[in-house]
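*Asks:* The structure's right below; bear with me while I get my questions together.
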Amino acid sequence: MILHHVPGSRSFRVLWLLEELGQEVELRLWSMTDGSLRSPEFLALSPAGRIPALEIDGRAIFESGAIVQYLTERAGRLAPAPGTPERADFLEWVSFAETQANIVQNLNFHHIFLRPAEARSAVMTKLDTKRLEVTMRALEGHLRGRDWLLGDFSGADCMLGFNVEAIFRFVRAERFPALAAYAARVTARPAYQRAVARGGATTIYTEDFYELPQA
Numbered sequence: 010m011i012l013h014h015v016p017g018s019r020s021f022r023v024l025w026l027l028e029e030l031g032q033e034v035e036l037r038l039w040s041m042t043d044g045s046l047r048s049p050e051f052l053a054l055s056p057a058g059r060i061p062a063l064e065i066d067g068r069a070i071f072e073s074g075a076i077v078q079y080l081t082e083r084a085g086r087l088a089p090a091p092g093t094p095e096r097a098d099f100l101e102w103v104s105f106a107e108t109q110a111n112i113v114q115n116l117n118f119h120h121i122f123l124r125p126a127e128a129r130s131a132v133m134t135k136l137d138t139k140r141l142e143v144t145m146r147a148l149e150g151h152l153r154g155r156d157w158l159l160g161d162f163s164g165a166d167c168m169l170g171f172n173v174e175a176i177f178r179f180v181r182a183e184r185f186p187a188l189a190a191y192a193a194r195v196t197a198r199p200a201y202q203r204a205v206a207r208g209g210a211t212t213i214y215t216e217d218f219y220e221l222p223q224a
């Protein structure tokens, strides 16, 4: 297996899951800023030029949610079996994690990437922060009384757990104690820590918390 990876990106979900499964993988590192993700070499693996891509079983798979589903089915672990009622819960949370990650991505643009700073929209930043809060309230209610999304740890937690490093940079953790406790369990997992050590942590954040703009 070869995982095409950018530190701090969605490919971390796949690297973490592979650590949980105890499976070996070769890492190929890419950059989001040097244009290499638009190269013919990478587009042959991921046609939209997006990380991650995983070379496995004689082909390349892109989209982290699809890769997580494929790997858990292939291993027969860390997900309910296809055709069982519990499988719907797994698929819901895999998709929910990507919905939340897209909102986080928008907030990264609003607070960090969009330049000059005067081009940033205070209205859109506040709107996306509210959208993030909606997803966090849903998780807060779901996680009360359970450690993991499906009760036991699963690949859905690799999808959602990737988000927790970012969400509390935009919304205060004090309002979401169950979600904050979940985040602590995520980052305490040995496989998570091994994935960070091997794949690198995100470097985009220069502040612990990003305040809403005044406008």
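When you line the sequence shown up against this note's numbering, it's residues 10 to 224, in that order. Quick reminder that beta carbons are idealized off the backbone N, C-alpha and C, glycines included. As the structure is a prediction and not an experimental result, all values here were calculated from the model.
State whether the region 79 to 96 contacts the region 33 to 42, with contact taken as three or more CB pairs (one from each stretch) at a distance under 8 Å.
*Replies:* no
*Asks:* With a CB to CB cut of under 7 Å and the five nearest residues on each side skipped, what residues in its chain are close to Glu174?
*Replies:* Walking along the sequence shown from the start, residue 174 turns up at place 165. Around Glu174: Thr211.
*Asks:* What does a CB cutoff of less than 7 Å around Ile213 pick up in its chain, not counting 5 residues either side in sequence?
*Replies:* The residue given as residue 213 occupies position 204 in the sequence shown. Correct list, in chain order: Gly17, Asn117, Ile121.
*Asks:* What are the boundary residues of the beta strand (DSSP E) that His13 is part of?
*Replies:* The residue you call residue 13 lines up with position 4 of the sequence shown. His13 -> beta strand (DSSP E) spans 11 to 14.
*Asks:* When DSSP labels each residue in this structure, what does Phe51 get in the three-state scheme?
*Replies:* For the purposes of this step, residue 51 is identified with residue 42 of the sequence shown, where counting begins at 1. The three-state secondary structure of Phe51, taken from DSSP, is helix.
*Asks:* Apply the 10 Å Cβ neighbour rule to Arg22 and answer buried if 16 or more other Cβ atoms are within range, or exposed otherwise.
*Replies:* Along the sequence shown, one-based indexing puts residue 22 at 13. Answer is buried; the Cβ neighbour count reaches 16.
*Asks:* Which same chain residues end up closer than 8 Å to Pro56 when comparing Cβ atoms and leaving out the 5 residues on each side of it in sequence?
*Replies:* If you number the sequence shown from 1, residue 56 lands on position 47. Result list for Pro56: Phe71, in chain order.
*Asks:* Grab the span of the alpha helix (DSSP H) containing Ile112 for me, first residue to last.
*Replies:* Position 103 of the sequence shown holds residue 112. Element bounds for Ile112: 94 to 117.
*Asks:* My output table needs one value for Leu38: the three-state DSSP class, helix, strand or coil.
*Replies:* What you label residue 38 is simply residue 29 of the sequence shown in a count that begins at 1. Here Leu38 sits in strand by DSSP.
*Asks:* What's the call for Ser20, buried or exposed, on a 16-neighbour Cβ count within 10 Å?
*Replies:* As a first step, residue 20 is located in the sequence shown; it is residue number 11 there, counting from the start. Classification of Ser20: buried, given that the 10 Å Cβ count is 16 or more.
*Asks:* With distances taken Cα to Cα, identify the nearest neighbour of Ser45 among Leu24, Leu63, His14, Ser73.
*Replies:* Here residue 45 refers to the residue found at position 36 of the sequence shown. Nearest C-alpha to Ser45: His14.
*Asks:* Excluding the 5 residues flanking Ala8 on each side, which residues of the same chain have their C-beta closer than 6 Å to its C-beta?
*Replies:* The chain is shown only over 10 to 224; residue 8 falls outside these bounds and no answer can be derived.
*Asks:* With distances taken Cα to Cα, identify the nearest neighbour of Pro199 among Val103, Gly31, Ser104.
*Replies:* Residue 199 sits at position 190 when you count from the first residue of the sequence shown. It is Gly31 whose Cα lies nearest to the Cα of Pro199.
*Asks:* What is the DSSP secondary structure of Phe122, counted as helix, strand or coil?
*Replies:* Within the sequence shown, residue 122 is the residue found at index 113, counting from 1. Correct three-state label for Phe122: helix.
*Asks:* Provide the residue span of the beta strand (DSSP E) that contains Glu64, from first to last.
*Replies:* Along the sequence shown, read from residue 1 onward, the residue named residue 64 stands at position 55. It spans 62 to 65 - the beta strand (DSSP E) in which Glu64 sits, taken as one unbroken run.
*Asks:* In or out: Phe51 buried (at least 16 other Cβ within 10 Å) or exposed?
*Replies:* What you label residue 51 is simply residue 42 of the sequence shown in a count that begins at 1. Result: buried.
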